[in-house]
Each structure stands twice: as C-alpha cells, then as structure tokens.
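Visitor: Chains as they are written, first to last, in our numbering: chain B, 1194 to 1521; chain F, 8 to 281.
Quick reminder that beta carbons are idealized off the backbone N, C-alpha and C, glycines included.
Please read through the structure below; I'll follow up with questions.
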C-alpha cells in the first residue's frame, strides 16, 4: 500500500512538472473572459429591448411557435423547439426567470456547452501522453526495472489521471465562476432551476419536474460532466498504451471526440450510432431536459454505454501493458 | 529544491482527492435526482400579476402595445419580415407625440380564432393583454379560407376553396370571433383594441370575386357591430386596399400582402387609432 502511494506520488508530481496543468489554467484564463464578454453583450442588447423578462420570454415562445408552423424545418429541429417552448412556458407559468444574469448561471451554461468538446480536449492534454511519453522518452525502461509489478505501475498512472481529471473540472468551474462574477455578480447559488423534464415523443412530460437550487444543479452537472470526461480520459489512456507517439494518440482521440460532436448533429436517423461513446458524451442534455441526439437515448442508456466503453478500455490497457515487449 | 518538492505532493494530493470526492458526490446526487427525486425546492407561489393598464391615453407617459393574431400580424409575405405592426406604431407615436412601445409581437402564423381563444387562456398571454394599453389583432383569415379549402388545390389560385362550405361555417366562425373579443375585454377592461379586418386575396379571380366579397362583407360587418357595442375597439377596413391592382400589393403567394401592402395597412391602423 505504501509503495502504491509512492508510485502515485511519483506520477502526480511528474505530470505537474510537465506543466500540463499550468497550460490548461492559462487556456481557461484566456478563453473564459472572451465568453463572458460575449454573454455580457447579449444581456445588454436584450435589456434595451424589453421592459420585463416576462415580455422577452413571451416573445421567444411566440417566435419559436412561428418557426414550428413552417413545414420546411427538419423534424429534429422541431422536436428541439417544442421542448424549448414547453420549458419556457413552464418557467413563465411559475413566474421563475430562467435567464437571470449571475456567475452561477454563467458557469452552468458554460459547462453545458463545454462538455462535448472543450473539456474532453483539456482532459486529453494530460491523458494522451501519460503512458506514451514514457515510451517516447525512453524512461519506461527505468520505470519497469523497478521491483514493482507492471500492473501496479499502470494502475498508479490511472489513479493519477483520475485525480487530474477531477482537478481540471473543478478548476474550469472555479475559473468560470470567478471571472464571470466580475461582470455578473457572484450571487445566484440559491436561485431555482427546474429539472426532471421528460420527453414523450413530441410532448413534454412535466409530472416529474421539480425545482433545485442552481448550486445543486451545478454540482449535479459537474458530476455528470466528470463521468463523461473520465470515459474520454480512460479511452485516451488506452490509446496512449497502444500507440507509441504522443502526437498520434492525441490526434486519434481528438478525431474521435470531434467526430462525435458532428455525428450528434447529423446522425439522428442512424440509430445504431447511439452505441458509440462519442455520441453519448453530452450527459447534460438529460439534466436540461432537451432532446438527446438520437431518439431512444436516456440517461441510463448513455451511462451504461460510457461505462462499457470505459471498462473495455481499461481491460485492453492492462492486458496489453502487462504483456507487451518493451523495445527501445 | 528537495523541500519544495516535499510540499507539492501533500497539497496537490489533498486537493485532487477533495475534487474527486466532490465530483463523485455530485455524480451520485445527479443519479439520485434522476431516478428517486426528493420533493424539490418549495417555490413562492406565483404572486406576480401584471400591472393593469388603464386610464386615458393622454395621461400616460408611454403607450404599451402588443400584437396578437395570425400571419398578417407576423408579417408573412413581407420580404423584410416587418409587417404592419412596427410601422403603424411608429406613425401612431409621431401623431400622439409620445413613445409607443411594442411589448411583443405574439402572433403565430396559421392561427385560427379557436386557437387564439385557447392561447388567451394561458397565463403568458393573459399577463401580456392585462399589461397593454393597445392590442393590435388580426384573426379569421385562416378560419374563412384555409379551413374551407379542400385538399389538393393551390390557395394561390383560389383552388379548392369551397364557397358553400365557407358560407355554411360563417355563423360559427363569427361566434368564434365574438368569443375572442369578449375574452380580450374580460382580461383588460381598459385596453384599446384595433382589429384589422379581412381583405379579399382572390379579387382578381373572377369566379370567386362575388361570393367571397359577400362572405367578407358579412364577416367584417359583424366585427364592426361587435366593435360598436364595445365602444373601445376599432375595426380597420382593408378591403378597398387590395382591390384595384391587387397584384401590386400582394406577395408572391397571392394570399399575404407584400411590403407595400403592409405599409398601406400600417397607415390605416395609425389613422384609426388617432
């Protein structure tokens, strides 16, 4: 046990020394202000137009209803709009403003939009070279000549990866909260959000809808984002074991993640695509109650698909790593 | 050097562990909330009711208007997508010498009177009407023309419009209009209502001209009677605007007005209101 802890410590410090995490923080500090500025512009332009958030919401509902009357818009868009209209109506009927500007709301929206691409890419910065860099640098021989079983070495790397994924997610949320708070104010933790919208065909089932605080919503969303980020990390870990060069493993994983976000937008009629891990990454749609990319996907389904992919990736990583010849 | 390294690991290790625990907790909570939700946050019951508008327009610093109804209010057919609403309010603002603010164009294309009646039962619409000083309204075109169109015909050529059916349904449709007016009035006793009446989009089609004209005369006449009985409602005539050279003022679908047609309606609406 002590020896395992030593291994994990060694790995964690090694990743830290490579300054990967520092780069991620720098990227966040550069990008989040850009999004905050864009959001501020949107808020300003709608403030001049409407006296009251209710009037703005009414207009949005009417505009979406009009778009729905056109025959030319695709079926998936219709479904998405119907869901949106019914949600907005629900908020309006209960006199809850779904768009109050504050840092917690901004962070939640940011995480929602980041889960498909931004967060996986940042996770890949650590995950893609955690094994392959040892190979590229030749240090793997040093590592494996120690009197430690190979699987323990790999397990320590996996634990390290998990810790960094968690650290990256919490840092993302924290940076987003701290930066946007400068503009929108740091309040909003206790404001209500409705969750539990369920789509039934083209109709919204609101029987399970209940209110949670925005703080709770953020925590739940972070938990779900963590699960999908871990899946990406573990698959990248496997690729990193299989592929010798860091660049190759990074490109492979980026291609997989990006193609997932493209497929999610266009493959709604290709039903078996729902078994691909990269289509299931956006778990926050279930929390929001918007339609999933492919019909028939539910939270449980997506979690199982991701878990199966992750388990397979771990199995392959260990099987290969413990048997492979190390040539250098 | 050695001491710095020693401090890094305890801090980094602890922070990472805390983050992981927090996220696992969040994940567990999300699962529990999805499958076994607790009753949820108690919300204050919606106490908000829009401030009732009222009083003479002369005493108001600003006129709040809303627009409801069908595609004519939406502006369908106008390439610029404007319709008559914005222009008529701008002209009204000029002649009144005070700002007129559009508090939402809530019209929905294809709406029939019964649909509007249903929408007016929703809290959103009720608040909108209750808080307005002026309601601009078009409705009925879809009841009279779309609903009596048999499948297969092209509406542009007046195809498939069953005159007999339209005539038979006329009394029922007029009752629906009456119900809409009554509901608007009950939602806001003080609001001024401008109903833009119907024109004949098929004027150039000789066989349809006379029968449709008689249906429209009946419909617009009954609207005018309702408005007189109400006292704070105007019916804006548009029939004459789309008779001579109607092709110049109708859009390419031969049913909705084009930009120039809407501009003429806008002038009429502004005049009728002041």
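Where residue 1478(B) and residue 1304(B) are concerned, what is the direct C-alpha to C-alpha distance, given to the nearest angstrom?
Guide: Whole-angstrom Cα-Cα distance: 11 Å.
Visitor: On the three-state DSSP scale, how would you describe residue 245(F)?
Guide: DSSP places residue 245(F) in coil when its eight states are reduced to three.
Visitor: Is there a C-beta anywhere in chain B that falls below 8 Å from the one on residue 35(F)?
Guide: So, interface residue.
Visitor: Beta strand (DSSP E) containing residue 268(F): first to last residue?
Guide: Where residue 268(F) is concerned, there is no enclosing beta strand (DSSP E), although the alpha helix (DSSP H) it sits in stretches over 266–280.
Visitor: Taking all protein chains shown into account, do 16 or more other C-beta atoms lie within 10 angstroms of the C-beta of residue 8(F), making it buried, or fewer, making it exposed?
Guide: Caution applies to residue 8(F), whose pLDDT of 44 falls short of 50 and renders its modelled position unreliable; the value that the coordinates give is listed next. Residue 8(F) comes out exposed.
Visitor: Note the first and the last residue of the continuous beta strand (DSSP E) segment covering residue 91(F).
Guide: Note, residue 91(F): premise wrong, no beta strand (DSSP E); not H, not E.
Visitor: Below 8 Å between beta carbons: does that hold for residue 201(F) and residue 113(F)?
Guide: Against a cut-off of 8 Å, the Cβ pair of residue 113(F) and residue 201(F) comes out as no contact.
Visitor: Please compile the residues from chain B whose C-beta is within a distance smaller than 9 Å of the C-beta of residue 115(F).
Guide: Those are 1255, 1258, 1259, 1261 and 1262, listed as they occur along chain B.
Visitor: Using alpha carbons as the reference points, say which of 151(F), 175(F), 191(F) and 107(F) lies closest to residue 207(F).
Guide: For residue 207(F), the nearest C-alpha among the options comes from 151(F).
Visitor: With DSSP as the reference, please indicate the residues paired to residue 202(F) in a beta bridge.
Guide: 144(F) and 242(F), per the DSSP bridge assignment.
Visitor: From what residue to what residue does the alpha helix (DSSP H) around residue 1207(B) run?
Guide: First-last of the alpha helix (DSSP H) with residue 1207(B): 1195–1210.
Visitor: Counting Cβ pairs, one atom from each stretch, are 3 or more of them under 8 Å apart for the stretch 1353–1371 of chain B and the stretch 1211–1228 of chain B?
Guide: Taking 8 Å as the limit for Cβ pairs, the verdict is that the stretch 1211–1228 of chain B does touch the stretch 1353–1371 of chain B.
Visitor: Quick check: is the beta carbon of residue 283(F) nearer than 8 Å to any beta carbon in chain B?
Guide: Because chain F spans 8 through 281 in this model, residue 283(F) falls outside it and cannot be assessed.
Visitor: From 1299(B), 1284(B), 1481(B) and 1346(B), pick the residue whose C-alpha is nearest to that of residue 130(F); which is it?
Guide: Ranking 1299(B), 1284(B), 1481(B) and 1346(B) by Cα distance to residue 130(F) puts 1284(B) first.
Visitor: If you compare alpha carbons, which of 1508(B), 1297(B), 1231(B) and 1506(B) is closest to residue 1370(B)?
Guide: When each option's Cα is compared against that of residue 1370(B), the closest is 1297(B).
Visitor: According to DSSP, is residue 1537(B) helix, strand or coil?
Guide: Here chain B covers residues 1194 to 1521 and nothing more, so residue 1537(B) does not appear.
Visitor: Specify the secondary structure class of residue 1225(B) as computed by DSSP and reduced to three states.
Guide: Residue 1225(B) falls in the helix class under three-state DSSP.
Visitor: Kindly list, in the order they appear in chain F, the residues whose Cβ is closer than 7 Å to that of residue 1355(B).
Guide: Here the neighbours are 27.
Visitor: Since residue 1252(B) meets chain F, which of its residues come closer than 8 Å, beta carbon to beta carbon?
Guide: Neighbours of residue 1252(B) on chain F, chain order: 111, 112 and 113.
Visitor: For residue 233(F), which of 69(F), 141(F), 216(F) and 204(F) has the nearest alpha-carbon?
Guide: With distances taken between Cα atoms, residue 233(F) lies closest to 204(F).
Visitor: Scan the stretch 1411–1437 of chain B for residues whose Cβ lies nearer than 7 Å to a Cβ of chain F and list them as they occur along the chain.
Guide: Under the 7 Å Cβ criterion, the stretch 1411–1437 of chain B contributes 1412, 1413, 1415, 1416, 1417, 1419 and 1420.
Visitor: When you compare only the Cα positions, how much space is there between residue 1319(B) and residue 1208(B)?
Guide: Taking the straight line joining both Cα atoms gives about 8 Å.
Visitor: Could you work out which residues of chain B lie near residue 135(F), taking near to mean beta carbons separated by less than 9 Å?
Guide: Within chain B, the residues near residue 135(F) are 1247, 1248 and 1251.
Visitor: Are the CB atoms of residue 19(F) and residue 1419(B) within a distance shorter than 8 Å?
Guide: No, they are not a contact pair.
Visitor: Let me check understanding here. Comparing Cα to Cα, which of 1373(B), 1488(B) and 1404(B) lies closest to residue 1536(B)?
Guide: As shown, chain B starts at 1194 and ends at 1521. That puts residue 1536(B) outside it, with no answer to give.
Visitor: With 8 Å set as the bound, which would you pick, yes or no: does the beta-carbon of residue 105(F) sit closer than that to a beta-carbon of chain B?
Guide: Output row for residue 105(F): interface = no.
Visitor: Just to confirm the assignment, what range does the alpha helix (DSSP H) spanning residue 1352(B) have?
Guide: Taken as a continuous stretch (DSSP letters only), the alpha helix (DSSP H) holding residue 1352(B) covers 1343–1377.
Visitor: In angstroms with no decimal places, state the Cα-to-Cα distance between residue 1443(B) and residue 1341(B).
Guide: Roughly 28 Å between the two C-alpha positions.
Visitor: If contacts are defined as beta-carbon pairs under 8 Å, then residue 257(F) and residue 272(F) qualify, I think. What distance do you get, rounded to the angstrom?
Guide: So it is not a contact: roughly 12 Å between Cβ atoms.
Visitor: Note down, in chain order, every chain B residue with its Cβ under 9 Å from the Cβ of residue 40(F).
Guide: Chain B residues near residue 40(F): 1388, 1389, 1403, 1405, 1409, 1413 and 1480.
Visitor: Cβ of residue 1332(B) less than 8 Å from any chain F Cβ?
Guide: False, the Cβ-Cβ gap to chain F never drops below 8 Å.
Visitor: Starting from residue 1443(B), trace the alpha helix (DSSP H) both ways and give me its first and last residue.
Guide: From DSSP, the alpha helix (DSSP H) with residue 1443(B) extends over 1439–1459.
Visitor: Rounding to the nearest angstrom, what Cα-Cα distance links residue 1332(B) and residue 1310(B) in this structure?
Guide: Each residue's alpha carbon lies about 31 Å from the other.
Visitor: Quick check: what's the CA-CA separation for residue 1206(B) versus residue 16(F)?
Guide: Distance between the alpha carbons of residue 1206(B) and residue 16(F) is about 7 Å.
Visitor: With 8 Å set as the bound, which would you pick, yes or no: does the beta-carbon of residue 1209(B) sit closer than that to a beta-carbon of chain F?
Guide: Answer yes: the Cβ-Cβ gap between residue 1209(B) and chain F drops below 8 Å somewhere.
Visitor: Would the stretch 1407–1414 of chain B count as touching the stretch 1377–1387 of chain B if we require 3 or more Cβ pairs under 8 Å?
Guide: Yes: at least three Cβ pairs fall under 8 Å.
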